[in-house]
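Chemist: Take this structure, written in structure tokens, and hold onto it; I'll ask about it next.
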Amino acid sequence: MSDDLNVFCEELDSCTGLRISIALLRNVENSKDVKAKVMSGSLQCAVIKASLIVDPCQVVVAANRAAIGLSTGTMVTRSVYTELLFNLSISKNISQSLIKFGVHEDDQDILVATFDKQDASSIDSVLSEIVGRLVPLSELRNICDRKLVCKSYKVGDLEAKTTTLLDSVVSRIATSEFVSH
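The sequence shown begins at 1 in the numbering used here and counts up one residue at a time.
Right under this line is the structure:
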């Protein structure tokens with residue numbers, strides 16, 4: 001099901017030996033089933049609310065933090081996939097983070113992310129479980145709710161005028177461990 005042009009892959013920190021694969025799906029018809037499979041552990045991936053993602057870089061930064069946590073045994077959550085969702089958020093509350101960034105039963109636009117060893121990929125098997133249209137990640141610009149992102153990451157009007165939204169979001173993700181936003 002995957003099209004190499006529509007799946008973004010990025011190597012994470014070399015100490016982890018992992019890479020992240022990210023795909024964007026639209027018009028998803030079975031979000032409820034996908035969420036249930038992810039929660040039961042039968043589908044190994046993170047399913048992310050696409051309207052809160054400005055750019056794949058945002059997911060890569062959070063994924064890198066999750067992968068490092070996995071490799072050093074310092075994860076806050078129980079799985080690398082929930083750790084990714086937790087790291088997307090600036091909240092220290094795990095439940096709030098998972099609710100905000102995780103897929104909801106009626107979401108039709110979702111991002112799927114898988115962690116794999118450098119020489120493997122599991123995203124195809126995950127994508128085969130989702131009834132939806134695989135689209136280029138460039139469509140995020142049409143899906144992203146910039147007002148909701150600004151609210152979620154506490155980006156004020158002045159900051160929004162002086163820097164890119166992606167820079168604001170990534171800096172908050174990168175520093176959320178040290179700074180209370």
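Even glycine gets a Cβ: it sits at the ideal position worked out from N, Cα and C.
What do you reckon, are the CB atoms on Glu-11 and Gln-118 nearer than 8 Å?
Modeler: Glu-11 is a Cβ neighbour of Gln-118, given a cutoff of 8 Å.
Chemist: Can you check the segment 39-93 for any alpha helix (DSSP H) of at least 4 residues that lies completely inside it and give the ranges in chain order?
Modeler: 56-72, 80-88
Chemist: So what does DSSP say about Asp-157, is it helix, strand or coil?
Modeler: helix
Chemist: What is the DSSP secondary structure of Leu-111, counted as helix, strand or coil?
Modeler: strand
Chemist: The alpha helix (DSSP H) spanning Ile-143 covers which residue range?
Modeler: 140-143
Chemist: So, with DSSP's three-state summary, where would you put Ser-31?
Modeler: Reduced to three states, the DSSP call for Ser-31 is helix.
Chemist: Less than 8 Å between the CB atoms is what I'm expecting for Ile-22 and Pro-56, so what's the real figure, rounded?
Modeler: 5 Å
Chemist: From Leu-85 to Asp-33, what does the alpha carbon distance come to, in whole angstroms?
Modeler: 19 Å
Chemist: Would Gln-58 be called buried (16 or more neighbouring beta carbons within 10 Å of its own) or exposed?
Modeler: buried
Chemist: Quick check on the DSSP output: the alpha helix (DSSP H) that includes Ser-125 runs from which residue to which?
Modeler: 123-127
Chemist: Indicate whether Tyr-81 and Ala-46 have their beta-carbon atoms separated by less than 8 Å.
Modeler: yes
Chemist: May I have the straight-line CA-CA distance separating Phe-187 from Val-7, to the nearest angstrom?
Modeler: In the structure as shown, the chain starts at 1 and stops at 181, and residue 187 therefore has no counterpart that could be examined.
Chemist: Have a look at Asn-77 and Gly-102 and give me their C-alpha separation to the nearest angstrom.
Modeler: The identity of residue 77 in the sequence shown is Thr, whereas the question assumes Asn. Each residue's alpha carbon lies about 14 Å from the other.
Chemist: Tell me whether Ser-21 sits in a helix, a strand or coil according to DSSP, three-state version.
Modeler: strand
Chemist: For the beta strand (DSSP E) containing Leu-148, name the first residue and the last one.
Modeler: Leu-148 -> not in any beta strand (DSSP E); alpha helix (DSSP H) instead, spanning 146-152.
Chemist: Judging by CA-CA distance, which residue of Ile-130, Ile-68, Asn-93, Leu-134 is the nearest neighbour of Leu-5?
Modeler: Leu-134
Chemist: Select from Thr-162, Lys-151, Gln-108 the residue whose C-alpha is nearest the C-alpha of Leu-140.
Modeler: Gln-108
Chemist: Tell me whether the beta-carbon of Thr-16 lies closer than 8 Å to the beta-carbon of Leu-70.
Modeler: yes
Chemist: For Val-169, does the three-state DSSP call read helix, strand or coil?
Modeler: helix
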